[in-house]
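A.B. asks: For reference, the structure I am asking about is given below.
There are 2 protein chains.
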Amino acid sequence: MADINAIAKSFVDFYYSTFDRNRAELAPLYKEFSMMSFEGQQFRGADIVEKLQSLPFQRVQHQVVTVDAQPSNPQAGPLLVTVTGRLLVDDEQNPQHFSQTFQLVPEGTSYFVFNDIFRLNYGF
Amino acid sequence: MADINAIAKSFVDFYYSTFDRNRAELAPLYKEFSMMSFEGQQFRGADIVEKLQSLPFQRVQHQVVTVDAQPSNPQAGPLLVTVTGRLLVDDEQNPQHFSQTFQLVPEGTSYFVFNDIFRLNYGF
Numbered sequence: 074m075a076d077i078n079a080i081a082k083s084f085v086d087f088y089y090s091t092f093d094r095n096r097a098e099l100a101p102l103y104k105e106f107s108m109m110s111f112e113g114q115q116f117r118g119a120d121i122v123e124k125l126q127s128l129p130f131q132r133v134q135h136q137v138v139t140v141d142a143q144p145s146n147p148q149a150g151p152l153l154v155t156v157t158g159r160l161l162v163d164d165e166q167n168p169q170h171f172s173q174t175f176q177l178v179p180e181g182t183s184y185f186v187f188n189d190i191f192r193l194n195y196g197f
Numbered sequence: 074m075a076d077i078n079a080i081a082k083s084f085v086d087f088y089y090s091t092f093d094r095n096r097a098e099l100a101p102l103y104k105e106f107s108m109m110s111f112e113g114q115q116f117r118g119a120d121i122v123e124k125l126q127s128l129p130f131q132r133v134q135h136q137v138v139t140v141d142a143q144p145s146n147p148q149a150g151p152l153l154v155t156v157t158g159r160l161l162v163d164d165e166q167n168p169q170h171f172s173q174t175f176q177l178v179p180e181g182t183s184y185f186v187f188n189d190i191f192r193l194n195y196g197f
């Protein structure tokens, strides 16, 4: 599964570097029927990036610890990508830990995000 | 999405209570084309439950902290279910934190596991 892992890694690098630089630029990744669960709240379509832009921090830095990928359909095409990592916001000294799951769906030579589920991991 | 959340919760309750009681009984949940990534290692079909049974602990207790669910296909049917939680093995006093992602595919009146990605969350 070298190919999928390479695609997953390349998506994850792109996603978090864009997130950390300018969240608004994530908009093309989501379609109007895309779904995001963010800390248990549900968002769809354009509301997804609006929510990401409204998050109450000025600076954020994601550090990816693990990336896993599997085909999510026996006919191949879509990919399930899971990430665990840490993030640091503004002047915080202690990173928060997160898990995020994406389903990526191919479109032309690229992928869009159909599913996105994000959780901070508390209680550590 | 009340329905999917209820299905996800009921699956998660069943999965971890069965895991903690007798891992061998998880076998019917996985088909020969099911996939598991366990701490970065890949397994398929019958190898999945064999791997779970070979894990080097006698007793394990999972405590689920969050469960999220989304339809993973626009035509409905399959579900993406993500879990964060803690687990305690044997006589350990300190729980380990984990994230797990499943894709559940309907079959008759039930679901089987097509994708399963498990990670311990280290470095806390």
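Chain order of the listed sequences is A and B. 138 is the number that the numbering used here gives to position 65 of the first sequence; each next residue is one higher, with no gaps. 82 is the number that the numbering used here gives to position 9 of the second sequence; each next residue is one higher, with no gaps. Beta carbons are placed, not taken as given, at the ideal position from N, Cα and C, and that holds for glycine. Since the model is a prediction, treat every value here as computed from it, not as a measurement.
1) Hey, how far is the Cα of Asp164 (chain B) from the Cα of Gln126 (chain B)?
2) Whole angstroms are fine: how far does the CA of Val138 (chain B) sit from the CA of Leu161 (chain A)?
3) Report the residue from A:Gln131, A:Ile190, A:Ser183, A:Gln115 whose alpha carbon sits nearest the alpha carbon of Phe87 (chain A).
4) Among residues of its own chain, excluding the 5 on either side of Gln131 (chain A), which ones have a beta-carbon nearer than 7 Å to its beta-carbon?
5) With three or more C-beta pairs closer than 8 Å as the rule, is the stretch 111-124 of chain B touching the stretch 164-174 of chain B?
6) Touch check for the stretch 74-83 of chain B and the stretch 181-195 of chain A: three-plus C-beta pairs under 8 Å?
7) If we count the other Cβ atoms within 10 Å of its Cβ and call it buried at 16 or more, is Gln148 (chain B) buried or exposed?
8) Exposed or buried, which one is Leu102 (chain B) when buried takes at least 16 other CB atoms within 10 Å?
9) With DSSP collapsed to three states, give me the class of Gln126 (chain A).
10) Could you give the distance in angstroms between the alpha-carbon of Ser110 (chain A) and the alpha-carbon of Ile190 (chain A)?
11) Measuring straight from C-alpha to C-alpha, what distance separates Ser107 (chain B) and Ser145 (chain A)?
12) Taking C-beta to C-beta, are Ala142 (chain A) and Leu153 (chain A) nearer than 9 Å?
13) First and last residue of the alpha helix (DSSP H) that includes Asp164 (chain A)?
14) Any idea what DSSP makes of Asn78 (chain B), helix, strand or coil?
15) At the 9 Å Cβ level, is Ala97 (chain A) part of the contact set with chain B, yes or no?
16) What is the residue span of the beta strand (DSSP E) that Ser110 (chain B) lies within?
17) Per DSSP, which residues does Ala142 (chain A) bridge with? Please list them.
18) In whole angstroms, what separates the C-alpha of Asn188 (chain B) from that of Glu123 (chain A)?
19) Run the CB neighbour count on Arg94 (chain B), radius 10 Å, all protein chains shown included, and call it buried at 16 or more, exposed below.
20) Would you give the residue range spanned by the beta strand (DSSP E) that Leu193 (chain B) belongs to?
21) Which word fits Leu193 (chain A), buried or exposed, when buried means at least 16 other C-beta atoms lie within 10 angstroms of its C-beta?
22) Given a threshold of 16 other Cβ atoms within 10 Å of its Cβ, counted over all protein chains shown, does Ala81 (chain A) qualify as buried or as exposed?
23) Which whole-angstrom value is the C-beta distance of Phe92 (chain A) and Val133 (chain A), which I expect to be below 8 Å?
24) Between the stretch 103-136 of chain A and chain B, which residues of the former have CB atoms less than 9 Å from a CB of the latter, in chain order?
25) For chain A, is any of its Cβ atoms less than 9 Å away from the one on Ala75 (chain B)?
C.D. replies: In short, the structure shows the following:
1) 18 Å
2) 22 Å
3) A:Ser183
4) Asp163
5) no
6) no
7) exposed
8) buried
9) helix
10) 5 Å
11) 10 Å
12) yes
13) Looking at the DSSP string, Asp164 (chain A) is not in any alpha helix (DSSP H), and its letter there is neither H nor E.
14) helix
15) no
16) 103-111
17) A:Val154
18) 30 Å
19) exposed
20) 183-194
21) exposed
22) buried
23) 7 Å
24) Phe106, Met108, Met109, Ser110, Glu112, Gly113, Gln115
25) Any reading at Ala75 (chain B) is ruled out, since the residue's pLDDT is 48, under 50, leaving its predicted position unreliable.
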